[in-house]
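*Asks:* Got a structure here, written out as structure tokens. Questions coming.
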DNA sequence: TTATAAAAATGACATCAATCATATTTTGAG
DNA sequence: CTCAAAATATGATTGATGTCATTTTTATAA
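Chains as they are written, first to last, in this note's numbering: chain A, 2 to 232; chain W, 2 to 232.
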């Protein structure tokens, strides 16, 4: 489905690699990674993998944002995570032996590299550092999800929206947050209409600036006061 | 704080070990584990470890149930997981390098063995099987929490209670579910009063049997129809 | 056993947020 | 550029669930 990328990034020169799972590799390991990876370009809203299917490998986001989500019993998306450049996604299912419990879809045009299951697993077997990074990452995400659960159970929608905006700012960095209202609602865990009303409140209170899809945070401190800090 | 257990279980003869992380160890590894573990007895509602503190090792539940929870911004507990005999808890924080993101407290009198950090980590370094079990466990829990998040975001309290009861039945097995109304509410993610009202509904509909704290499921199929299946 | 505290249960009420309907704006294909 | 479809926005209404107050039951310690 994805097209082979025109610009076939080499891992050695991949600028975003240094933040994620594949940082601190030896140059030999980077070469190894580079040999086994395949670069693919994805269009906006293109599926990367789907809940229920079996993993064939892992995906390293080179450019573009990706939503990771589950589908609830009524068919509604619940976004669990928004992955940014440098993140490796889909590796949890490599260890569980089960099919994917989540789906991943691009939020914008993206470049994403693929590393096959066997190559990835053999890298893990031989590379203690990589293994430790993975365990650390799995543990970190478990902690994040515990806070996500607590927020959903205990905070109001307004509080969760504030929290989510702070979280998304870390994902989008200097750029404005760029998600559809529906995606944002499916991340916060609310109805689209409710989300729109609350966004307007935040706009009227000069906490954010809104240019259709693009949201800029104007008053971070106030949002943290409303939604609580990201742990 | 915990008292040294009178009955100091040996890992070799530990009946509950065969289900969890420490199953499929060689007899040498079991001996090793046995040398390094310390058995402790805990009274009901005794803390095992607390959110924010740094881990000194891992805990293997030999007898008794344990709640794993976070404290929300308003000080309210959100139960994330109820651990049963054979489960190893508190090992995620060993890899992240961060303090615990969750707390753990006994729900009844319990026997819990402790394995120090260094011993545990060196076992992981040398034991591929154990390592794989841990990665699998971390991955499985990530999947569970994704469903937990989706349930909280999309299901009504009634649906979540049904789901939670089915989940707890797997924890308690043949025995009746035995939790305070407050703990149950803090697991479902609702107010205690709401939980009590819904429990009564389920009782009136003959879906459960209630003897003060002890809940028995009478109609599993109906509860699954209401709350959805545990994935 | 009795006293006291804790837990569970119940009622009344307020309100946040979902739903449904409809209008307006933006986007993207041709 | 134009038009249709999609996304965003707004209003009206309802209902589920949280909160507060009070009573009843159960557990626990003296």
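Cβ coordinates follow ideal geometry from the N, Cα and C atoms, glycine included.
How about residue 191 of chain W: is its C-beta nearer than 9 Å to some C-beta of chain A?
*Replies:* Working through the second chain from its first residue, we reach residue 191 of chain W at position 190. At least one chain A Cβ lies under 9 Å of residue 191 of chain W.
*Asks:* If you reduce the DSSP assignment to three classes, tell me which class residue 10 of chain A lands in.
*Replies:* Start at 1 with the first residue of the first chain, and residue 10 of chain A comes out as number 9. Three-state result, residue 10 of chain A: coil.
*Asks:* Taking the C-alpha atoms as reference points, what is the distance between residue 30 of chain W and residue 40 of chain A?
*Replies:* For the purposes of this step, residue 30 of chain W is taken as residue 29 along the second chain, with counting starting at 1. For the purposes of this step, residue 40 of chain A is taken as residue 39 along the first chain, with counting starting at 1. Roughly 43 Å separates the two Cα atoms.
*Asks:* For my contact list, residue 167 of chain A and residue 224 of chain A are in at a C-beta cut-off of 8 Å; report their separation, rounded to the angstrom.
*Replies:* For the purposes of this step, residue 167 of chain A is taken as the residue at position 166 of the first chain. For the purposes of this step, residue 224 of chain A is taken as the residue at position 223 of the first chain. With a Cβ gap of about 5 Å, residue 167 of chain A and residue 224 of chain A count as contacting.
*Asks:* What is the residue span of the beta strand (DSSP E) that residue 144 of chain W lies within?
*Replies:* Here residue 144 of chain W refers to the residue found at position 143 when the second chain is read from its first residue. Unbroken run through residue 144 of chain W is the alpha helix (DSSP H), 129-155; no beta strand (DSSP E).
*Asks:* In angstroms, rounded to a whole number, what distance separates the CA positions of residue 162 of chain W and residue 218 of chain W?
*Replies:* By 1-based counting over the second chain, the position of residue 162 of chain W is 161. By 1-based counting over the second chain, the position of residue 218 of chain W is 217. Each residue's alpha carbon lies about 12 Å from the other.
*Asks:* Return helix, strand or coil for residue 190 of chain W, following the three-state DSSP convention.
*Replies:* Locating residue 190 of chain W in the second chain gives position 189, where the first residue counts as 1. In the structure shown, residue 190 of chain W sits in coil (DSSP, three-state: anything other than H, G, I, E or B).
*Asks:* Can you give me the start and stop residues for the beta strand (DSSP E) that residue 231 of chain A sits inside?
*Replies:* By 1-based counting over the first chain, the position of residue 231 of chain A is 230. Where residue 231 of chain A is concerned, there is no enclosing beta strand (DSSP E), given that its DSSP letter is neither H nor E.
*Asks:* Quick check on residue 29 of chain W: does DSSP put it in helix, strand or coil?
*Replies:* Here residue 29 of chain W corresponds to residue number 28 of the second chain, with the count starting at 1. Residue state, collapsed to three classes: helix.
*Asks:* Between which two residues does the beta strand (DSSP E) carrying residue 104 of chain A extend?
*Replies:* Numbered from its first residue, the first chain carries residue 104 of chain A at position 103. Counting along the chain, the beta strand (DSSP E) containing residue 104 of chain A begins and ends at 104-107.
*Asks:* Find out if the Cβ-Cβ distance for the pair residue 61 of chain A, residue 125 of chain A is shorter than 9 Å.
*Replies:* Your numbering for residue 61 of chain A matches position 60 in the first chain. Your numbering for residue 125 of chain A matches position 124 in the first chain. In this structure, residue 125 of chain A does not lie closer than 9 Å to residue 61 of chain A by Cβ.
*Asks:* Which term fits residue 201 of chain A, buried or exposed, when burial requires 16 or more other beta carbons within 10 angstroms of its beta carbon?
*Replies:* Here residue 201 of chain A refers to the residue found at position 200 when the first chain is read from its first residue. Residue 201 of chain A should be labelled exposed.
*Asks:* With 9 Å as the threshold, decide whether the Cβ of residue 1 of chain W is near any Cβ in chain A.
*Replies:* Past the boundaries of the shown model lies residue 1 of chain W; chain W is included only from 2 to 232, so the question cannot be answered.
*Asks:* According to DSSP, is residue 38 of chain W part of a helix, a strand, or is it coil?
*Replies:* Within the second chain, the letter at position 37 stands for residue 38 of chain W. Strand.
*Asks:* Quick check on residue 17 of chain W: does DSSP put it in helix, strand or coil?
*Replies:* The count along the second chain starts at 1 and reaches residue 17 of chain W at position 16. In this structure, residue 17 of chain W counts as coil in the three-state DSSP scheme.
*Asks:* Can at least three beta-carbon pairs, one atom from the stretch 66-84 of chain A and one from the stretch 97-114 of chain A, be found at a separation below 8 Å?
*Replies:* At 8 Å Cβ cutoff, the stretches touch.
*Asks:* At which residues does the beta strand (DSSP E) containing residue 1 of chain W begin and terminate?
*Replies:* Residue 1 of chain W lies beyond the residue range present for chain W, which begins at 2 and ends at 232; the question has no answer from this structure.
*Asks:* Does the separation of the CB atoms of residue 23 of chain W and residue 36 of chain W fall below 9 Å?
*Replies:* Taking the first residue of the second chain as 1, we reach residue 23 of chain W at position 22. Taking the first residue of the second chain as 1, we reach residue 36 of chain W at position 35. Not closer than 9 Å, so no.
*Asks:* Any chance you could list the alpha helix (DSSP H) runs of at least 4 consecutive residues sitting entirely within the stretch 169-219 of chain W, in chain order?
*Replies:* Counting only runs of 4 or more, we get 182-189 and 193-205.
*Asks:* Please report the distance separating the alpha-carbon of residue 221 of chain W from that of residue 210 of chain W.
*Replies:* Your numbering for residue 221 of chain W matches position 220 in the second chain. Your numbering for residue 210 of chain W matches position 209 in the second chain. Looking at the two C-alpha atoms, the distance is approximately 12 Å.
*Asks:* For residue 115 of chain W, name the three-state secondary structure that DSSP assigns.
*Replies:* In the second chain, residue 115 of chain W corresponds to position 114, counting from 1. Residue 115 of chain W falls in the strand class under three-state DSSP.
*Asks:* Looking at residue 196 of chain W: is its Cβ nearer than 9 Å to the Cβ of residue 182 of chain W?
*Replies:* Residue mapping note: residue 196 of chain W aligns to position 195 of the second chain, counting from 1. Residue mapping note: residue 182 of chain W aligns to position 181 of the second chain, counting from 1. Yes. Within cutoff.
*Asks:* Looking at the unbroken beta strand (DSSP E) that takes in residue 50 of chain W, where does it start and where does it end?
*Replies:* Counting from one through the second chain, the residue named residue 50 of chain W turns up at place 49. Run containing residue 50 of chain W: 48-50, per the beta strand (DSSP E) assignment.
*Asks:* Tell me, to the nearest whole angstrom, how far the beta carbon of residue 81 of chain A is from that of residue 150 of chain W; I am working on the premise that it is less than 8 Å.
*Replies:* For this step, residue 81 of chain A is matched to residue 80 along the first chain. For this step, residue 150 of chain W is matched to residue 149 along the second chain. Between residue 150 of chain W and residue 81 of chain A the Cβ distance is about 6 Å, and since that is below 8 Å, they are a contact.
*Asks:* Between which two residues does the alpha helix (DSSP H) carrying residue 54 of chain A extend?
*Replies:* For the purposes of this step, residue 54 of chain A is identified with residue 53 of the first chain, where counting begins at 1. Neither: residue 54 of chain A is in no alpha helix (DSSP H) and is coded neither H nor E.
*Asks:* Need the endpoints of the beta strand (DSSP E) that residue 68 of chain A sits in, please.
*Replies:* Stepping through the first chain from its first residue, residue 68 of chain A is reached at position 67. Start and end: 67-72.
*Asks:* Pull the bridge partners of residue 43 of chain A from the DSSP assignment, please.
*Replies:* Walking along the first chain from the start, residue 43 of chain A turns up at place 42. Answer is A/111.
*Asks:* Quick check: what's the CA-CA separation for residue 96 of chain A versus residue 208 of chain A?
*Replies:* Taking the first chain and counting its residues from 1, the one referred to as residue 96 of chain A is at position 95. Taking the first chain and counting its residues from 1, the one referred to as residue 208 of chain A is at position 207. Roughly 42 Å separates the two Cα atoms.
*Asks:* Does the Cβ of residue 130 of chain W have 16 or more other Cβ atoms within 10 Å, making it buried, or fewer, making it exposed?
*Replies:* In the second chain, residue 130 of chain W corresponds to position 129, counting from 1. Exposed, since its Cβ has fewer than 16 Cβ neighbours within 10 Å.
*Asks:* Taking residue 94 of chain A as the query, report the chain W residues whose CB atoms sit under 9 Å from its CB, ordered along the chain.
*Replies:* As a position in the first chain, residue 94 of chain A is number 93, starting the count at 1. Within chain W, the residues near residue 94 of chain A are 140 and 144.
*Asks:* Tell me, please, which residues DSSP counts as bridged to residue 89 of chain A.
*Replies:* If you number the first chain from 1, residue 89 of chain A lands on position 88. According to DSSP, residue 89 of chain A bridges with A/61.
*Asks:* Who are the neighbours of residue 73 of chain W on chain A, taking C-beta pairs under 7 Å?
*Replies:* As a working mapping, residue 73 of chain W is identified with position 72 in the second chain. What residue 73 of chain W touches in chain A: 151 and 155.
*Asks:* Could you name the residues of the same chain whose beta carbon sits closer than 6 Å to that of residue 44 of chain A, not counting the 5 residues immediately before and after it, in chain order?
*Replies:* On the first chain, residue 44 of chain A is found 43 positions in, with the first residue counted as 1. Correct list, in chain order: 110.
*Asks:* Compute the Euclidean distance between the alpha carbons of residue 119 of chain W and residue 16 of chain W, then round it to the nearest angstrom.
*Replies:* Taking the first residue of the second chain as 1, we reach residue 119 of chain W at position 118. Taking the first residue of the second chain as 1, we reach residue 16 of chain W at position 15. Roughly 25 Å separates the two Cα atoms.
*Asks:* For a contact defined as C-beta to C-beta under 9 Å, what are the partners of residue 104 of chain A on chain W?
*Replies:* The residue labelled residue 104 of chain A in the question sits at position 103 within the first chain. Those within 9 Å of residue 104 of chain A in chain W number zero; the least Cβ separation is about 10 Å.
*Asks:* Hey, residue 136 of chain W and residue 134 of chain A: beta-carbon distance below 9 Å or not?
*Replies:* Here residue 136 of chain W refers to the residue found at position 135 of the second chain. Here residue 134 of chain A refers to the residue found at position 133 of the first chain. No, the Cβ-Cβ distance between residue 136 of chain W and residue 134 of chain A is not below 9 Å.
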